[in-house]
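Student:
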Amino acid sequence: MLAHYIKDRSCNTARAVFQLEGEFKWALSGTPLQNRVGELYSLIRFMQLDPYSYYFCRSCSCKSLQWKFSDRKTCDGCGCTVMHHVCWWNSEILKPIQKFMSLEGGTKAFEKLRMLLDRIMLRRTKVERADDLGLPPRTVTIRRDLFNEEEEDVYDSLYSDTARRFNTYVEAGTVLNNYANIFELLTRMRQAVNHPDLLRANKRNDTLVCAICSDEPEDPIMAKCKHVFCREATIITRREQDARQYITSSIDAHPLCPVCYARLTLDLSQPTYELPVIEKRSGSSARTSIVNQIDMSRWRSSSKIEALVEELAALRRRDATTKSIVFSQFVNFLDLIQWRLNRAGFRCCRLDGRMGPAQRDAVIQAFMTKPDLTVFLISLKAGGIALNLTEASQVFVMDPWWNPAVEDQAMDRIHRLGQHRPIRITRLIVENSIESRIIQLQEKKNALFQSTIGKDADALARLTEDDLRFLFVL
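Letter by letter, the sequence shown follows residues 28 to 501 in our numbering.
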């Protein structure tokens, strides 16, 4: 198991891993830090580093790896009150960063964190090992397009409504309490950027959807309250909702189900939940593709889809054997892309969260061995990690994600051992949309990574007080 699977220290998987005993412990991860510095605590807690992972009592010699207050008042070990106990990680790292941000106190906390990581982390980057790996160069470009008139009207109307609802939460002081609702609003804006039909399809689709990402659940899991979510969307959202938990000594904070608002209790390591078949009025069953929900004879493509077609057509003119991977986070959007590419003469294959292990292996093998299969459409949640697709040399990221590490993992599906051709990654962005804001967020997160995991001391200076507040107090 990769170490970044236990970044949420409150999940059942992390709690089980914390119980493992051993003389030596190693944690292997390509992305030890994705969203917040607090995520590193789970790795330090697993390794039981003293004093960094311990709770201490100010009044006696009591120390513990667990927060043991059964009655919520006094320590099970020494009997002292909660106020006498402190977690080293929280007091020396997270709280100073929260309180002082980029001022002297926060800077000192970052320095302590860097010193700690220097002593416990072995880091090997592709840049450092470039000569040994023999990897070809990788070029990342951003293609920026504009809305057409119809798309702009739809988006502007949606943005106005979204801004009004968000301001209502701000004025009421309930932004964090309505995180799931806000996330849904942002998701709809992102879908509108891809194609307005994604909004209309959501209203007509009778299929069970994830309440977090507003799409059909990929690798679905069921919470104790019986609501179903995407496994990866749940992990990401729980990290966001648990932000305050990471910066306090108590672990009482707990996210709520965005559907019924009951305490969200689930096991992220549970097997994939089998979605029930939902009967349609027409008598058909199972998931209905968006292309079967709308009149495709009158369908109009979107600016982003046409930008992709233009890029792929140019590649085909230069070399018809070039293979490409297209990533999107929305299954319905992949449906539209596949329909359009088929009519443009491209042979495509597909991988998303509905496919079982045997199907996944078969489609990957087909893409790697069949010369005429030149485009691989992949859901980011289902295929962003644990794949080796070195037969391709081009990647198109259709919609940016909040966390740049997720996109980096997807890009590395082709930039790895066994790749001998230059790699080109194209990120498709629509200007004057929420995607511009997401790119800014990614830049902030990259700066956070460099100021902690990396060796770039100047990166901390690029994080203003507002930037850090944005990261730690969402």
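Don't be surprised by glycine CBs; every beta carbon is placed ideally from N, CA and C.
Can the beta-carbon of Arg85 be found closer than 8 Å to that of Val113?
Tutor: Going by C-beta atoms, Arg85 is nearer than 8 Å to Val113.
Student: With which residues is His112 paired in a DSSP beta bridge?
Tutor: In DSSP, His112 forms a bridge with Cys84.
Student: Using 10 angstroms around the beta-carbon of Arg325, count the other beta-carbons present and answer buried if the total reaches 16, otherwise exposed.
Tutor: With fewer than 16 other Cβ atoms within 10 Å, it is exposed.
Student: Which same chain residues, not among the five before or five after Phe497, have their C-beta less than 6 Å away from its C-beta?
Tutor: Annotation note: pLDDT 40 at Phe497 (below 50); position unreliable, coordinate value reported separately. There are no such residues.
Student: Once the 5 residues before and after Met395 are set aside, which same chain residues still bring their CB inside 6 Å of it?
Tutor: Same-chain partners within the cutoff: Glu418.
Student: Just mark Arg454 as buried or exposed, buried being the case when its beta carbon has 16 or more other beta carbons within 10 Å.
Tutor: Buried, by the Cβ-count rule.
Student: On the three-state DSSP scale, how would you describe Met18?
Tutor: An answer regarding residue 18 cannot be provided, because it is not within the stretch 28 to 501 covered by the chain.
Student: Report the partner residues of Val353 according to the DSSP bridge assignment.
Tutor: Answer is Leu404 and Phe423, bridged to Val353.
Student: Given 7 Å as the limit, tell me if Gly57 has its C-beta closer than that to any heavy atom belonging to the ligand ZN.
Tutor: The ligand content of the structure shown is nil, which means the ligand ZN is not present either.
Student: Starting from Phe256, follow its DSSP beta bridges and name the residues at the other end.
Tutor: DSSP, once it has assigned bridges, lists Ile248 as partnering Phe256.
Student: So Arg440 and Ile364 are supposed to be a Cβ contact under 8 Å. How far apart are they, rounded?
Tutor: Their Cβ separation, rounded to whole angstroms, is 18 Å, which puts Arg440 and Ile364 out of contact at 8 Å.
Student: According to DSSP, is Asp180 helix, strand or coil?
Tutor: Correct three-state label for Asp180: helix.
Student: To the nearest angstrom, how far is the alpha carbon of Asp183 from that of Phe210?
Tutor: Going from the Cα of Asp183 to the Cα of Phe210 covers about 18 Å.
Student: Between the alpha carbons of Arg451 and Glu470, how many angstroms are there, rounded?
Tutor: Rounded to whole angstroms, Arg451 to Glu470 spans 20 Å at the Cα level.
Student: Who pairs with Lys90 in a beta bridge, going by DSSP?
Tutor: For Lys90, which the question treats as bridged, DSSP gives the partners Phe83.
Student: Which residues in the same chain have their Cβ closer than 8 Å to the Cβ of Glu176, if we skip the five residues on either side of it in sequence?
Tutor: Result list for Glu176: empty, nothing under 8 Å.
Student: Nearest CA to the CA of Ser91: which residue from Glu333, Val457, Cys252 and Asp77?
Tutor: That would be Asp77, whose Cα lies nearest to the Cα of Ser91.
Student: Would you check if the distance between the CB atom of Arg387 and the CB atom of Ser328 is smaller than 8 Å?
Tutor: For Arg387 and Ser328, no; Cβs fall outside 8 Å.
Student: Between which two residues does the alpha helix (DSSP H) holding Asp388 run?
Tutor: Unbroken alpha helix (DSSP H) run through Asp388: Pro384 to Thr396.
Student: Hey, how far is the Cα of Asp103 from the Cα of Leu149?
Tutor: Straight-line Cα distance between these residues: approximately 37 Å.
Student: Taking only the alpha-carbon atoms, compute the straight-line gap between Leu404 and Arg374 and give it to the nearest angstrom.
Tutor: Spanning the two alpha carbons is a distance of roughly 11 Å.
Student: May I ask you to report which of helix, strand or coil DSSP gives Ile24?
Tutor: In the structure as shown, the chain begins at 28 and stops at 501. Residue 24 is therefore absent and cannot be evaluated.
Student: If distances are taken between C-alpha atoms only, which option among Leu213, Gln75 and Ile169 comes closest to Val457?
Tutor: Closest option to Val457, Cα to Cα, is Ile169.
Student: Give me whichever residues DSSP pairs with Arg377 in a beta bridge.
Tutor: Answer by DSSP bridge pairing, in chain order: Leu404.
Student: Measure from the alpha carbon of Lys135 to the alpha carbon of each residue in Pro123, Thr201, Leu143 and Gly380, then state which is nearest.
Tutor: Residue Pro123 is the option with its Cα nearest to Lys135.
Student: Between His111 and the rest of its own chain, which residues show a CB-CB distance below 6 Å, the 5 nearest in sequence each way excluded?
Tutor: Taken in chain order, the residues that qualify are Cys84, Arg85 and Ser86.
Student: So, using beta-carbon positions, are Phe357 and Asp426 closer together than 8 Å?
Tutor: Yes, the pair counts as a contact, with Cβ atoms nearer than the cut-off.
Student: Quickly, what does DSSP pair Thr40 with across the bridge? List them, please.
Tutor: Bridge partners of Thr40: none, in fact.
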